[in-house]
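See below for the structure under consideration.
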Amino acid sequence: MAEPQPRIGVVTYPGSNDDHDALWALAALDAEAVPVWHEEPELPKLDAVVLPGGFSYGDYLRCGAIARFSPATAAVCAFAEAGGLVLGICNGFQVLCEAGLLPGALLQNASLRFVCRDVPLRVERADTPFTSRCETGATLVIPVKHGDGRYVPPPDLDSAQVVLRYLENPNGSTDDIAAVCNERGNVLGLMPHPEHAVDPLLGSADGALMLASLVDAARESLLVRTARVVRAHQHAQQPV
Amino acid sequence: MRATVLVRPKPGILDPQGAAVENALEHLGFAVGGARVGKVVDLELDTADEAAARAEVEKMCEQLLANPLIESYEIELHG
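Taken in sequence, the protein lines are chains A and B.
Numbered by our numbering, the letters in the first sequence go through residues 1 to 240 in order.
Numbered by our numbering, the letters in the second sequence go through residues 1001 to 1079 in order.
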């Protein structure tokens, strides 16, 4: 029997520009990639959500500060609070921090320059839904492209929430932090772009390891959800 | 009533923009012991009640205008 295809939504805000790459990459990794418009107050039935890169609302005021108030972000917050898997890439990471789903904030690069290049990253944790296909301590090469990627953690950040660190810090992030997850581990944000590194032709396929991990975890949650529905159905059919 | 909100990077938060401004001023021959760059938001408010206006703008700052992790804010009210 073919493996069930998990449904993974990608939210498009005004100014998102990596949404189509994310949709393409997820479909290539055998997920059903579902576009979600920012004005939708409810998410369709999904097994995971990706907030893509770009410049939502022109990055006005602070990156991600306005996108935080869009109807789809409220739906994503409710989805995450119910345990749903959420991945924020670049601007998506900024939105998750502004929305309070992830700790910390992202500020202008220390160099004041926009950086656009492949960066090596160390996997600090391979036991998350976003890195399960990686090995702890392994190096991934994934591109960054941002002007505001300097991560500033809250003073009480638990180092167990750091999932990736830069081996060459491109933006001045505190403690070389490139990716953080929430305490529960179902929400992750990172500045590098795994969706731009899914084929050796693009320079690296290391990003596919992360996205395929997400597809695996989404498939797992789909199976759990389906089993629950089947059980409820069987239960309903039992004679009283 | 009008309000002016001053948003500043908190002490201890690296402000590379401020450092660049300081550097440029020094190149122009000015003696500057430090520069930090923030933002100004001018607001037109419907109320004429100062306490009500301040309470309202505080809420705006907490919810949107400043990020309390990295920024501090100061509110000025003008009649």
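The C-beta atom is built at its ideal place from N, Cα and C for all residues, glycine as well.
Using only alpha-carbon positions, find the residue among A:Leu-96, A:Gly-53, A:Lys-45 and A:Pro-52 that is nearest to A:Phe-69. A:Leu-96
Listing by chain order, which chain B residues have their CB less than 9 Å from the CB of A:Val-152? Ile-1013, Leu-1014, Leu-1069 and Ile-1070
Using a Cβ-Cβ distance cut-off of 8 Å, determine whether A:Gln-245 contacts chain B. In the structure displayed, chain A extends from 1 to 240; residue 245 of chain A sits before or after that span and is not available.
For A:Thr-73, the three-state DSSP class (helix, strand or coil): helix
Name, please, each residue of chain B whose Cβ falls closer than 8 Å to the Cβ of A:Ala-105. Chain-order list of chain B residues neighbouring A:Ala-105: Asn-1067, Leu-1069 and Ile-1070, by C-beta distance under 8 Å.
I want to verify the contact list: residues of chain B whose CB lies under 8 Å from the CB of A:Ala-110, in sequence order. Per Cβ cutoff of 8 Å: Leu-1014 and Pro-1016.
Apart from the five residues just before and just after A:Asp-206, which ones in its own chain have a Cβ nearer than 6 Å to its Cβ? So the list reads Leu-140, Val-141, Ile-142 and Ala-197, once near-sequence residues are dropped.
Does the distance from the CB of A:Ile-66 to the CB of A:Glu-195 come in under 8 Å? no
Inter-residue CB distance, A:Gly-64 and A:Asn-17 (contact presumed, cutoff 8 Å): Taking the Cβ atoms as the reference, A:Gly-64 lies roughly 14 Å from A:Asn-17, outside the contact range of under 8 Å.
For A:Arg-68, the three-state DSSP class (helix, strand or coil): If DSSP states are grouped into helix, strand and coil, A:Arg-68 belongs with the helices.
Neighbouring residues, chain B, relative to A:Ala-65 (Cβ below 7 Å): Leu-1064
How is A:Ala-138 classed by DSSP in three states: helix, strand or coil? coil
Extent of the continuous alpha helix (DSSP H) to which B:Lys-1039 belongs: It is not in any alpha helix (DSSP H) - B:Lys-1039 instead sits in the beta strand (DSSP E) that spans 1039–1044.
Check B:Val-1007 in the structure and name its three-state DSSP category. If DSSP states are grouped into helix, strand and coil, B:Val-1007 belongs with the strands.
Mind checking which residues open and close the alpha helix (DSSP H) that includes A:His-233? 206–237
Confirm, please, whether the CB-CB distance from A:Leu-223 to A:Pro-35 is below 8 Å. No; because the gap between Cβ atoms is not below 8 Å, this pair is not in contact.
Cα-Cα separation, A:Ala-126 to A:Pro-44: Rounded to whole angstroms, A:Ala-126 to A:Pro-44 spans 29 Å at the Cα level.
Check whether the Cβ of A:Gly-172 lies closer than 8 Å to any Cβ atom in chain B. yes
So if I threshold CB-CB distances at 7 Å, which residues from the stretch 1016–1030 of chain B count as touching chain A? Contacts with chain A (Cβ-Cβ distance below 7 Å) from the stretch 1016–1030 of chain B involve Pro-1016, Gln-1017 and Ala-1020, listed in chain order.
My understanding is that A:Gly-58 touches A:Gly-15, with C-beta atoms under 8 Å, so please give their C-beta distance in whole angstroms. In this structure A:Gly-58 touches A:Gly-15 by the C-beta definition: roughly 6 Å separates them, less than 8 Å.
Under 8 Å from the C-beta of A:Arg-62: neighbouring residues of chain B: Contact of A:Arg-62 with chain B by beta-carbon distance below 8 Å involves Asn-1067.
For A:Ala-25, I'd like the list of residues in its chain whose CB is within less than 6 Å of its CB, leaving aside the five on either flank, ordered along the chain. Glu-195, Val-198 and Leu-211
Check whether the Cβ atoms of A:Gly-185 and A:Thr-128 lie closer than 8 Å to each other. yes
Taking A:Gln-161 as the reference, which of A:Asn-169, A:Glu-168, A:Leu-188 and A:Leu-61 has the closest Cα? A:Leu-188
Residues that A:Trp-37 bridges to, as DSSP identifies them: A:Thr-12
Buried or exposed (CB count within 10 angstroms, at least 16 for buried), B:Leu-1028: exposed
Check B:Ser-1072 in the structure and name its three-state DSSP category. strand
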